[in-house]
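Everything in the sequence shown is counted per the working numbering, starting at 1440 for the first residue and increasing by one.
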Amino acid sequence: MAVHIGEVRQNTPAAIDIKGLSKEYTTARGTVKAMAPMDLPIKAGEFICVVGTSGCGKSTLLRLVAGFEKATTGSIAVDTEEVLGPSPSRGVVFQDYGLFPWLTVRENVAWGPKQAHLKTSLVKERCDKYISAVGLELFADRYPHELSGGMQQRVSIARVLANEPSVMLMDEPFGALDALTRRGMQEQLSRLHRDIKTTVIFITHSIEEAVLLADRVVVMTGGAAKNVPGHIREIVTIDLPENRDVNSEHFNDLERSISRLVNTEEDDSSHGVDADAFAEVQTGETNAEDEHKPVAVPRV
Ligand SMILES: Nc1ncnc2c1ncn2[C@@H]1O[C@H](COP(=O)(O)OP(=O)(O)OP(=O)(O)O)[C@@H](O)[C@H]1O
Ligand SMILES: [Mg+2]
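What follows is the structure, given as structure tokens:
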């Protein structure tokens, strides 16, 4: 996909320090231990991909960093500031584009800066800059329903960038795109990240996508189906050059070893987490979004 990357201002990326972070959800049917306590220090400007089987706590981790959920234990610091709730400095991009259908592309992108009461001239400047950064200058006055899925996803990225966040949190943002559009978006995001230098946490089910984009890949495992709270199994450093060749031997080696970590059992399944405590997890749906997910069978 020919995509023009505009000139963009350098943001100040933030370091993220996750310490002893865990999450239990309380539901009508009992407690779901979604995530065992984890530590994860992330450097300013780093691109972190998180992979792992369904239900291992990837979105939970992201929602905690976004400030949408409260941690059960532990803390998250973005630079020196503790996360106590959502903030425009932590932009979130979901799989469903979350655009306002009644607003044009330009109005969608302007929404955040307007909420922040920026001067009209600055709002315009940011809109121009980020609409052009995602190559949508010609579509600025269209409505979301007039755009393809890939274009809508680009608008949702521009909308987050317009707040000039120091952290970008992305939950399977390209999951719904066809392979070709997805590859175009990956290349574009990679270039944008190099230009803008935001710290990124990016969740994906595609190991190839993770190896293509990340500085480090966090492999999570566990979850209700395995009767162990979600936790980090391993963190793999991607020591590949900026322009990555998906067909290179080293790329394929990394992809294979991450795939093995995702798809095989851990030697020590307790891995520092209390599997017995997890056995008290109740069965049953937790919310509509999770209906498709496997649930734990309580031990008797
Ligand atoms: N709001 C909630 N209330 C109760 N339990 C929840 C809630 N959200 C998630 N869970 C449970 O927490 C666990 C982790 O869920 P999470 O959505 O973080 O997994 P995930 O790794 O993102 O999975 P997927 O790859 O399917 O998106 C699951 O067992 C899930 O059922
Ligand atoms: Mg998820």
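All C-beta atoms in this analysis are idealised placements derived from N, C-alpha and C, irrespective of residue type, glycine included.
Predicted model only: the values in this text are computed from it and were never measured.
Heavy atom of ligand 1 within 7 Å of residue i beta-carbon
i       : result
GLU1597 : A small fix is needed here, since residue 1597 is Ala in this sequence, not Glu. Every heavy atom of ligand 1 is 7 Å or more from the Cβ of ALA1597, so no.
THR1676 : no
GLY1669 : yes
ALA1475 : no
VAL1650 : no
ALA1653 : no
CYS1495 : yes
GLY1662 : yes
ALA1614 : One point to set straight first is that residue 1614 is Gly, not Ala, in the sequence displayed. False, no ligand heavy atom lies under 7 Å from that Cβ.
VAL1471 : yes
THR1519 : no
TYR1464 : yes
GLY1404 : Outside the displayed span of the chain (1440 to 1739) sits residue 1404, for which this structure offers no information.
Cut-off 6 Å between Cβ atoms - residues of its own chain near residue i, not counting five sequence neighbours on either side
i       : result
THR1499 : LYS1462, ALA1473 and MET1474
VAL1736 : Per-residue confidence for VAL1736 stands at a pLDDT of 33, beneath the threshold of 50, marking its modelled position as unreliable; the derived number appears in the next sentence. No residues qualify anywhere along the chain.
CYS1566 : ARG1545, VAL1548 and ALA1549
8 Å CB neighbourhood of residue i in its chain, flanking five on each side removed
i       : result
GLY1459 : PRO1476, MET1477, ASP1478, THR1512, GLY1513 and SER1514
GLY1561 : A quick correction: the sequence has Leu, not Gly, at residue 1561. Taken in chain order, the residues that qualify are PRO1552.
PRO1604 : ASN1450, PRO1527, SER1528, ARG1529, GLY1530 and THR1637
ALA1555 : PRO1527 and ASN1602
Beta-carbon proximity list for residue i, same chain, < 7 Å, skipping 5 on both sides
i       : result
LEU1503 : LEU1460, LYS1462, ALA1510 and ILE1515
ASP1729 : Residue confidence for ASP1729 is low, a pLDDT of 42 falling below 50, so the modelled location carries little weight and cannot support an answer.
ALA1467 : none
Whole alpha helix (DSSP H) runs in the segment 1466-1524 with 4 or more residues, listed along the chain? 1497-1505
Determine, using beta-carbon pairs with one atom in the segment 1647-1657 and one in the segment 1479-1488, whether at least three such pairs fall under 8 Å. yes
At 4 residues or longer, and completely inside the segment 1526-1572: list those alpha helix (DSSP H) runs for me, N to C. 1544-1554 and 1559-1572
Residue ranges of each alpha helix (DSSP H) run of no fewer than 4 residues wholly in the segment 1640-1686, ordered along the chain? 1646-1652
Do the segment 1570-1581 and the segment 1595-1606 touch if we need at least three Cβ pairs shorter than 8 Å? yes
If you measure from each residue's Cβ to the nearest non-hydrogen atom of ligand 2, which ones come out under 7 Å, in chain order? LYS1497, SER1498, ASP1610, GLU1611 and ILE1642
Three or more C-beta pairs closer than 8 Å, one from the segment 1695-1702 and one from the segment 1663-1678: is that the case here? yes
Three or more C-beta pairs closer than 8 Å, one from the segment 1609-1623 and one from the segment 1653-1661: is that the case here? no
Restricting to runs no shorter than 4 residues, where is the alpha helix (DSSP H) found entirely within the segment 1568-1616? 1588-1600
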